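Chemist: Going down the list, the sequences are from chains A and B. FYI, in my numbering the residues of the first sequence are 1443 to 1992. FYI, in my numbering the residues of the second sequence are 85 to 419. Here a beta-carbon is modelled for each residue, glycine too, at the ideal position from N, C-alpha and C. Being a predicted model, the structure only gives us computed values, none of them experimental. Before I ask anything, here is the structure I am working with.
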Amino acid sequence: MTALTALAWKTAPGRNLIPGIGTESVSSLFLFPFAMTGLLIDLRDRASRRASFSCAAACIAALSTNLSLMAAAGAVSQILLFPSRRRLSGGCLRTLLFVAACTPGDGWTACVTALAAGYTGNRGRGALALAPSIEMGCNLLVLVRTVFQSDSILTPQMVFTLITVGVTISIVRAIAALFTGRISAAFINIFAVPYGMAVVAIGLFAFASAEDSSLSAHAAASALMLDLICIWPAATAFLRIGDLIAAGGGSDRIARLGGLILFAPWLAGLFAAGACVFALLPPGVGFSMLWLLAETTLGLLPDRYASALPFIFLLFGLGGIVALFCLALLRLLMLVMCGAPRSPRMAGSVDIELPTQYPVIVCLAVSAIMSCIPGLITRFAPGFSGALSGEGAETRAIPSVITLTGPDGLSSWTPGAVIIMFAIIMAVLSFLRRKAASVSRSAPRTIFPDIAPTEETLWADGMKIQSSWLPFGEPLLWPGNDVAAAILRQLVFISPATRDYVRRRFFKILLLTLWRVKRAAAGLHIVEAYGLAAILMVAALGLWIVTIVP
Amino acid sequence: MSSSSFFCALTLFVVQFGAVVLVAPLISGFRTFMSARLTGVAAPPLLRRWYLIVICCRTAWPLRPDTGLLTRRAGVIASIAAPASLAIVLTASALVPTAGSDLITAHWSDFFVITLLLLVAQFTCRLPALNSLAETATRGFQQSVSAAVIIPSLFLMAALFFCMSATTNLDIVLSGMRNGSDFGGNAPFVLAAGALLAAAVLESSDPVPEVCGADRAMLMLACDCIFLVWLTLAGDFLWPDTLALISGHASAARNLGAIFTGFFFWMLRCAILCIVLASGSLIVAGPAGRIRLKAVAALLLSLFAIQVLFSSHLSATAEWAERRQQTHNTGSDAP
Chain A
1443 MTALTALAWK TAPGRNLIPG IGTESVSSLF LFPFAMTGLL IDLRDRASRR
1493 ASFSCAAACI AALSTNLSLM AAAGAVSQIL LFPSRRRLSG GCLRTLLFVA
1543 ACTPGDGWTA CVTALAAGYT GNRGRGALAL APSIEMGCNL LVLVRTVFQS
1593 DSILTPQMVF TLITVGVTIS IVRAIAALFT GRISAAFINI FAVPYGMAVV
1643 AIGLFAFASA EDSSLSAHAA ASALMLDLIC IWPAATAFLR IGDLIAAGGG
1693 SDRIARLGGL ILFAPWLAGL FAAGACVFAL LPPGVGFSML WLLAETTLGL
1743 LPDRYASALP FIFLLFGLGG IVALFCLALL RLLMLVMCGA PRSPRMAGSV
1793 DIELPTQYPV IVCLAVSAIM SCIPGLITRF APGFSGALSG EGAETRAIPS
1843 VITLTGPDGL SSWTPGAVII MFAIIMAVLS FLRRKAASVS RSAPRTIFPD
1893 IAPTEETLWA DGMKIQSSWL PFGEPLLWPG NDVAAAILRQ LVFISPATRD
1943 YVRRRFFKIL LLTLWRVKRA AAGLHIVEAY GLAAILMVAA LGLWIVTIVP
Chain B
85 MSSSSFFCAL TLFVVQFGAV VLVAPLISGF RTFMSARLTG VAAPPLLRRW
135 YLIVICCRTA WPLRPDTGLL TRRAGVIASI AAPASLAIVL TASALVPTAG
185 SDLITAHWSD FFVITLLLLV AQFTCRLPAL NSLAETATRG FQQSVSAAVI
235 IPSLFLMAAL FFCMSATTNL DIVLSGMRNG SDFGGNAPFV LAAGALLAAA
285 VLESSDPVPE VCGADRAMLM LACDCIFLVW LTLAGDFLWP DTLALISGHA
335 SAARNLGAIF TGFFFWMLRC AILCIVLASG SLIVAGPAGR IRLKAVAALL
385 LSLFAIQVLF SSHLSATAEW AERRQQTHNT GSDAP
């Protein structure tokens, strides 16, 4: 509610009356994600009240034009979210770094703060599950303020550090999401990927403005805006969904969940919708940001191979992030939504109620609608990048609302067109499918009609299972939570068995070769006997030719 | 765009859309046929794939009351995943220039969009597999990993296009390649096509046994279409001159003729690439080894393509500078 009040107050006429607070700066953009986070908090207990006050403080920090006010409000918002004495040190360190970064100075402190905030961990259940959104948001706020507003120009070393930090955070967190066995850790790791992308966007913006290419800077700023306004709320809603799943399943371990679609269809639907909106694949909004980032990187690509290498590495890193992120989402979908419940508690989980659904639906719907009109958001970007794109702003035509245009002006991406095309084809296919279902008559043949299900498990909605006939019990029926990790490990590391096989094969080939050489050496006398004759014949032929030709 | 060329572009779009759906199972069948022939086992007929799809379409879901929970749930997920997968791959196929380069959707055919849409379709295709028991689910996830390892190479390929034509729009890149470029011919694109062919290798196109009925047919068709669209993309880079060019000045009949020649060349291209891919099945490797081979091949080919491009780029720039210097010298000598 506090956040909503702040949002309403933003448009109030007397908004500039309070000293130290204004809505003109870039950082007021952060009001939107903070307000959306506040919307998702369910006011029930003390922790949620603390979290909502923290949201309000973060909103004030986003609106403040005064550095000390921002430092105080941001620090308060982070302190309010400290969970317990056990994990206090990390939080304290990050808060101290935040306050240090708020003081005017060079950009290194902000870079270090961004790096430290990338490793924000789990804070707890309930409203505290949304803590990473506020904490990462506050630290990103400082970074944005340092890069966009302060007079200090970032050195190339800082820009390089920022981009490397962003890519590293994203890759490390995506890999952690693939390997973890706890659902809260998986969701927070997935949440941190857009944060890393935002840091990359800020780094690219700083680089482009140092290079004086206003179009690329504009594209990078647009990517940052898309990240903050469209992806951040969806990602926060995704965090909330993860918390609801853990609460419903009664366990934080992925190995005890599963089969969500059977017992909580609404929650499963929201989970799937969140994954679709949030994934870095088309036509979701994540892809729009990724596309802008990739186009900016391509636009900044120098002509020389040596100087282009860092950008090629950055592109490769972006590809790696997309691959790992998609696999992490797929793994969560497989383990949590599909399959069967792996514990009775999960089978007893109930679906979420309507009042709990609404904020999540609102967040996802806002992101989904905005993902169709990314041009509307990027249109505001020149105002924020201010003086940098001042020259290009007059000559550039007003960009279309539904289309994103790359910095070169030739590439473009229209999410709306793809979505409409997809919707039309999908409608036709659904119609055909229904038609086929009504026409089809023959049922599939049962191959073993005499084998019938024998047991019923009441907790699994009457799932019928075969009685076990194996002497040593059932094999593992459902995929465990180490499937993804095992497959990836198998891909990257060569297994000891293979290594042994290769070693044995090598020695075998070596011995065989030696044996063959020995045999060939033993057979040399034949070559000797015939070879001498052959050489003599060749010599005679040569002599004959020499005598004939001249 | 004049009315006749618009009409031709519309015809091209509609014919292409139908052709992809019709030809995809045939091309897939041809590949199975060729790989069976090359490995020395009995080859199934070409039309077998279409036959299977039609048979699946005419089979109903089991409606017995004792239908297990597993089958029902597989039904729910498959009933969403199968049409979605097919719709996504058809959307992607509408963006790829198949037989002619001036499609109606030319403005939207971004390289990133097309390739990542294909990957979404591949992921969606595997969702029913992820929903089944451990063995099938593990295999399904392995196939998803196998699809995902190609993404970093795709980003490198985009760098290639950008260096060549300053855009990632496929239509502009292809028309630039057809007109001939200064920078070392199309050698880097041949390498990129090789990397895309590595992406086209689908491990298995048979959906899980629990899915049946129209959904199974749709999943099979979607797998075939994904394979065909990857092949088409690779073929476009290998041989961009075979794409029909619709011009506003030529008559409609001439344009239509060009379109159908383009379709003939498209099928020829795909058949040749199928034989190439089928010979790839002669390599014996386990599933992990295959994925590793695929990832490394795609990565090396795209890195090599970038290297070739930059070296030719540099030599071309040097030549250009030399020529410029010469003209400058003669210009300064003349007066």
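In angstroms with no decimal places, state the Cα-to-Cα distance between E1836/A and F196/B.
Modeler: For the purposes of this step, residue 1836/A is taken as the residue at position 394 of the first sequence. For the purposes of this step, residue 196/B is taken as the residue at position 112 of the second sequence. Because the pLDDT of E1836/A is 42, which lies under 50, any placement of that residue in the model is unreliable, and the number read from its coordinates should be weighed accordingly. When rounded, the distance between both Cα atoms is 30 Å.
Chemist: Assuming M241/B and P324/B make a contact with CB atoms under 8 Å, what is their CB distance in whole Å?
Modeler: Within the second sequence, the letter at position 157 stands for residue 241/B. Within the second sequence, the letter at position 240 stands for residue 324/B. Between P324/B and M241/B the Cβ distance is about 15 Å, and since that is not below 8 Å, they are no contact.
Chemist: Have a look at D255/B and S1854/A and give me their C-alpha separation to the nearest angstrom.
Modeler: By 1-based counting over the second sequence, the position of residue 255/B is 171. By 1-based counting over the first sequence, the position of residue 1854/A is 412. D255/B and S1854/A: Cα-Cα distance of roughly 12 Å.
Chemist: Taking just the CA atoms, how far does S335/B sit from G1716/A?
Modeler: Taking the first residue of the first sequence as 1, we reach residue 1716/A at position 274. Taking the first residue of the second sequence as 1, we reach residue 335/B at position 251. Roughly 50 Å separates the two Cα atoms.
Chemist: Answer yes or no: does any C-beta atom of chain B fall closer than 9 Å to that of V1881/A?
Modeler: The residue given as residue 1881/A occupies position 439 in the first sequence. So yes, V1881/A belongs to the interface.
Chemist: Would the segment 1634-1641 of chain A and the segment 1573-1584 of chain A be scored as touching if the rule is three or more Cβ pairs under 8 Å?
Modeler: yes
Chemist: Please list the partners that W1920/A has in chain B, where partner means a Cβ-to-Cβ separation under 8 Å.
Modeler: Along the first sequence, one-based indexing puts residue 1920/A at 478. Per Cβ cutoff of 8 Å: L217, A218 and A221.
Chemist: Grab me the residues of S1842/A's own chain with a C-beta within less than 6 Å of its C-beta, minus the 5 sequence neighbours each way, in chain order.
Modeler: Numbered from 1 along the first sequence, position 400 holds the residue referred to as residue 1842/A. Correct list, in chain order: G1817.
Chemist: Assuming contact is defined by CB atoms lying nearer than 9 Å, are G1762/A and I235/B in contact in what I supplied?
Modeler: Within the first sequence, numbered from 1, the residue matching residue 1762/A stands at position 320. Within the second sequence, numbered from 1, the residue matching residue 235/B stands at position 151. Yes; because the gap between Cβ atoms is below 9 Å, this pair is in contact.
Chemist: Roughly how many whole angstroms lie between the Cα atoms of C140/B and T208/B?
Modeler: Translated into positions along the second sequence, residue 140/B becomes position 56. Translated into positions along the second sequence, residue 208/B becomes position 124. Whole-angstrom Cα-Cα distance: 19 Å.
Chemist: How close, in whole Å, do the beta carbons of A1558/A and R1536/A come, if the pair is a contact with beta carbons under 8 Å?
Modeler: Along the first sequence, one-based indexing puts residue 1558/A at 116. Along the first sequence, one-based indexing puts residue 1536/A at 94. Yes, they are in contact, since the Cβ atoms of A1558/A and R1536/A sit about 5 Å apart, within 8 Å.
Chemist: Please return the same chain residues whose Cβ sits closer than 8 Å to the Cβ of C1768/A, not counting the five positions on each side in sequence.
Modeler: Counted from its first residue, the first sequence places residue 1768/A at position 326. So the qualifying residues of the chain are A1721, L1722 and L1723.
Chemist: Tell me, please, whether the CB atom of E1897/A is closer than 9 Å to any CB atom in chain B?
Modeler: For the purposes of this step, residue 1897/A is taken as the residue at position 455 of the first sequence. Low confidence applies to E1897/A: its pLDDT is 48, below 50, so where it sits in the model is not reliable enough to give any reading.
Chemist: For C309/B versus V138/B, is the C-beta spacing smaller than 9 Å?
Modeler: Here residue 309/B refers to the residue found at position 225 when the second sequence is read from its first residue. Here residue 138/B refers to the residue found at position 54 when the second sequence is read from its first residue. No, they are not a contact pair.
Chemist: Mind checking the segment 1780-1811 of chain A against chain B and listing, in chain order, the residues whose C-beta falls within less than 8 Å of any C-beta there?
Modeler: Here the close residues are C1780, G1781 and A1782.
Chemist: Using the beta-carbon of each residue, which ones in chain A are nearer than 7 Å to G113/B?
Modeler: Here residue 113/B refers to the residue found at position 29 of the second sequence. Within 7 Å Cβ-Cβ: nothing; G113/B doesn't reach chain A, min ~21 Å.
Chemist: When we look at the beta-carbon of G1547/A and count the other beta-carbons within 10 Å, is it buried (16 or more) or exposed?
Modeler: Looking up residue 1547/A in the first sequence gives position 105. When all chains shown are included, G1547/A counts as exposed.
Chemist: Given that A243/B touches chain A, what residues does it touch there, using C-beta distances under 7 Å?
Modeler: Residue mapping note: residue 243/B aligns to position 159 of the second sequence, counting from 1. In chain order: L1740, L1743, I1754 and L1757.
Chemist: Output yes or no for whether 9 Å exceeds the beta carbon distance between S216/B and V160/B.
Modeler: Residue numbering aside, residue 216/B sits at position 132 when the second sequence is read from its first letter. Residue numbering aside, residue 160/B sits at position 76 when the second sequence is read from its first letter. Contact: no.
Chemist: Take the Cβ of A1981/A as the centre, count every other Cβ of all protein chains shown within 10 Å, and call the residue buried at 16 or more, exposed below.
Modeler: The sequence position of residue 1981/A within the first sequence is 539, counting from 1. It is exposed - the Cβ of A1981/A has fewer than 16 other Cβ atoms within 10 Å.
Chemist: As a quick exercise: from M1812/A, A1865/A, G1851/A and L1871/A, pick the residue whose alpha carbon is nearest that of I1844/A.
Modeler: If you number the first sequence from 1, residue 1844/A lands on position 402. Nearest option by C-alpha distance: M1812/A.
Chemist: If we ignore side chains and look at the alpha-carbon of each, how far apart do A1927/A and A1710/A end up?
Modeler: What you label residue 1927/A is simply residue 485 of the first sequence in a count that begins at 1. What you label residue 1710/A is simply residue 268 of the first sequence in a count that begins at 1. Counting only the Cα atoms, A1710/A lies some 24 Å from A1927/A.
Chemist: For the alpha helix (DSSP H) that V138/B lies in, which residues bound it at each end?
Modeler: By 1-based counting over the second sequence, the position of residue 138/B is 54. R132 to C141 is the span of the alpha helix (DSSP H), which, as asked, contains V138/B.
Chemist: Roughly how many angstroms lie between the CA atoms of P1783/A and G1566/A, to the nearest whole one?
Modeler: Start at 1 with the first residue of the first sequence, and residue 1783/A comes out as number 341. Start at 1 with the first residue of the first sequence, and residue 1566/A comes out as number 124. About 24 Å.
Chemist: According to the Cβ coordinates, are L1509/A and C1544/A closer than 9 Å?
Modeler: The sequence position of residue 1509/A within the first sequence is 67, counting from 1. The sequence position of residue 1544/A within the first sequence is 102, counting from 1. Yes, these two residues count as a Cβ contact at 9 Å.
Chemist: Which same chain residues, not among the five before or five after A1679/A, have their C-beta less than 7 Å away from its C-beta?
Modeler: Locating residue 1679/A in the first sequence gives position 237, where the first residue counts as 1. Cβ within range, chain order: L1482, G1716, V1802, C1805 and L1806.
Chemist: Considering just the uninterrupted stretch of the alpha helix (DSSP H) at L203/B, what are its terminal residues?
Modeler: Mapped onto the second sequence, residue 203/B falls at position 119. Unbroken alpha helix (DSSP H) run through L203/B: F195 to C209.
Chemist: For chain E, find out if any of its Cβ atoms is closer than 9 Å to the Cβ of M302/B; answer yes or no.
Modeler: In summary, chain E is missing from the structure at hand, where the protein chains are A and B.
Chemist: Taking any Cβ of chain A, which residues in the segment 184-196 of chain B have a Cβ under 7 Å from it, in chain order?
Modeler: H191, W192, D194 and F196
Chemist: When the Cα atoms are used, what is the spatial distance from L1760/A to A221/B?
Modeler: Taking the first residue of the first sequence as 1, we reach residue 1760/A at position 318. Taking the first residue of the second sequence as 1, we reach residue 221/B at position 137. Those two C-alpha atoms are separated by around 27 Å.
Chemist: Compile a chain-ordered list of the residues in the segment 365-386 of chain B whose CB is closer than 8 Å to at least one CB of chain A.
Modeler: For the segment 365-386 of chain B, which is checked against every Cβ of chain A, the residues closer than 8 Å are A372, I375, R376 and A379.
Chemist: What residues in its chain sit with their C-beta under 6 Å from that of F1621/A, if we drop five residues either side in the sequence?
Modeler: For the purposes of this step, residue 1621/A is identified with residue 179 of the first sequence, where counting begins at 1. Shown here for F1621/A: same chain residues with a beta carbon closer than 6 Å to its own, the five before and five after excluded, namely A1927 in chain order.
Chemist: Please report the residue range of the alpha helix (DSSP H) in which E219/B lies.
Modeler: Locating residue 219/B in the second sequence gives position 135, where the first residue counts as 1. Its alpha helix (DSSP H) spans residues A218 to A232.
Chemist: Determine the direct distance from the alpha carbon of S87/B to that of L1771/A, and round the result to whole angstroms.
Modeler: Walking along the first sequence from the start, residue 1771/A turns up at place 329. Walking along the second sequence from the start, residue 87/B turns up at place 3. Each residue's alpha carbon lies about 47 Å from the other.
Chemist: Contact check, P167/B vs L1871/A under 8 Å by CB: the rounded distance?
Modeler: As a first step, residue 167/B is located in the second sequence; it is residue number 83 there, counting from the start. As a first step, residue 1871/A is located in the first sequence; it is residue number 429 there, counting from the start. Indeed they touch by this definition, with Cβ atoms about 4 Å apart.
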